[in-house]
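Each residue of the sequence shown is one higher than the one before, starting from 0 at the first, in numbering that gives the first Met the number 0. Worksheet: the structure to be examined is printed underneath.
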Amino acid sequence: MNYEESIVGFGREEALVGILTEPGEGAVRARVGCLLLNTGMNYRVGQRRINVKLARRLAASGIPSLRFDMSGLGDSKASSSRDSFRQQQSNDMSAALDQFQASTGLRKFLVFGVCSGADNALSIGLVDSRVVGVLLFDGPDFLSKRVRAVRKLHRMAAFPFNAALRHQNAAWRALTAWLRSPLDASLGRQFLARLRKPKGAESEVQADIFATNAPAYTAKDYAAELQSLLDRGVDVYVMFSAMLHAADRNMGMLAQLRGEPCLKQIRYRFWPDIDHTATLLDAQRRLLDAVDEWAVEVAGSVKEEALPLLPSMRASSGS
0 MNYEESIVGF
10 GREEALVGIL
20 TEPGEGAVRA
30 RVGCLLLNTG
40 MNYRVGQRRI
50 NVKLARRLAA
60 SGIPSLRFDM
70 SGLGDSKASS
80 SRDSFRQQQS
90 NDMSAALDQF
100 QASTGLRKFL
110 VFGVCSGADN
120 ALSIGLVDSR
130 VVGVLLFDGP
140 DFLSKRVRAV
150 RKLHRMAAFP
160 FNAALRHQNA
170 AWRALTAWLR
180 SPLDASLGRQ
190 FLARLRKPKG
200 AESEVQADIF
210 ATNAPAYTAK
220 DYAAELQSLL
230 DRGVDVYVMF
240 SAMLHAADRN
250 MGMLAQLRGE
260 PCLKQIRYRF
270 WPDIDHTATL
280 LDAQRRLLDA
290 VDEWAVEVAG
300 SVKEEALPLL
310 PSMRASSGS
């Protein structure tokens, strides 16, 4: 076995729980570690256990990692803090990096996140100077009107033959419920209300769905945040699966950012044959290969040697 794993508790009242994965005894260690984040409501293993597989793959390359549960997820307790949801997540990630540093002596970190985890990876990268690389898989997207139109036409063509697609459509669900109980006037009103719903009402993008009257999060906002990371020397890798569209032309998932300097500076990859959760084993293998290759390259570019574990750090980590 070329890795060693240990359970760590940290944060306020040690309410957060994670798994520290380190290279096995005698292995050459990299100068960076990698923080692996939750995806949505999934706990720290990630979808299809991708975080577990990635942690052990990185360990084989000499890179330690920490996968952990945010407050209220998995084995981590809900926070007693009165901070906002977003602030609490930022606090959790900062605490995770503190623990990571205390346990290993490392001072530079990569962050890997999928979907909501990509959003969190971006946010911690913006506020914590210890972050030197972020990999955002299926994070914010800004498709062109053309791509959105083509996608909508494809979905319309598939609608009569795809039960899962029909089930996702609220108006269809309301109609079928009404047809099952045609004498129920309330179901009829619900269906008609769905038909009258303003166009685009369900697709409005907000920066924070957990905040009241959150402002729209625009392509300009995203470009500014990416540029902020790049200006600080952070290596930014943006990846997309085929979740939104089956094809990609000229960085089409970020079409609304065209003309922004950041697009020429980030790494970008579209996977036409990998879905949002990397369901197939071959897809997982290729994704792990790509993430590991990126992590090793960034680790090799970090010149600063890791500091030895300080006495105060040893005390706080309980080692």
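Ideal placement from N, C-alpha and C gives every residue a C-beta, glycine not left out. Computed from a prediction, not measured in an experiment: that's the story for all the values here.
query: Which partner residues of Arg43 appear in the DSSP bridge assignment?
result: Partner(s): none; Arg43 has no beta bridge.
query: Mind pulling the alpha helix (DSSP H) runs of 4 or more residues that sit fully within the region 4-46?
result: The qualifying runs do not exist here; there are none.
- request: Check whether the Cβ atoms of Met238 and Leu135 lie closer than 8 Å to each other.
  value: In this structure, Leu135 lies closer than 8 Å to Met238 by Cβ.
query: If you draw a straight line from the alpha carbon of Gln226 to that of Pro181, how long is it in whole angstroms?
result: 56 Å
Neighbourhood of Leu96 by C-beta, 7 Å cutoff - its chain only, sequence neighbours within 5 removed: By the criterion of a C-beta distance shorter than 7 Å, Leu96 is surrounded in its chain by Leu34, Phe108, Asp127 and Arg129, once the five residues flanking it on both sides are discounted.
query: Per DSSP, Arg268 forms a beta bridge with which residues?
result: Met238
Collapsed DSSP secondary structure at Phe141 in the structure displayed: coil
message: For Arg28 and Leu152, I'd like the C-alpha separation in whole angstroms.
response: Between Arg28 and Leu152, the C-alpha separation is close to 50 Å.
message: Measuring straight from C-alpha to C-alpha, what distance separates Pro214 and Tyr2?
response: Those two C-alpha atoms are separated by around 44 Å.
field: Nearest-angstrom beta carbon gap, Val235 and Leu229 [assumed within contact, 8 Å]
entry: 6 Å
task: Following the continuous alpha helix (DSSP H) through Leu178, name the residue where it begins and the one where it ends.
output: Ala169 to Arg179
query: From the DSSP output, which residues share a beta bridge with Val133?
result: Val110 and Val235
Residues near Val204 in its chain [Cβ-Cβ closer than 7 Å; skip 5 each side]: Below a pLDDT of 50, predicted positions are generally treated as unreliable, and Val204, at 47, falls in that range; the measurement from the model is reported next regardless. The answer, listed in chain order, is Ala215 and Tyr216.
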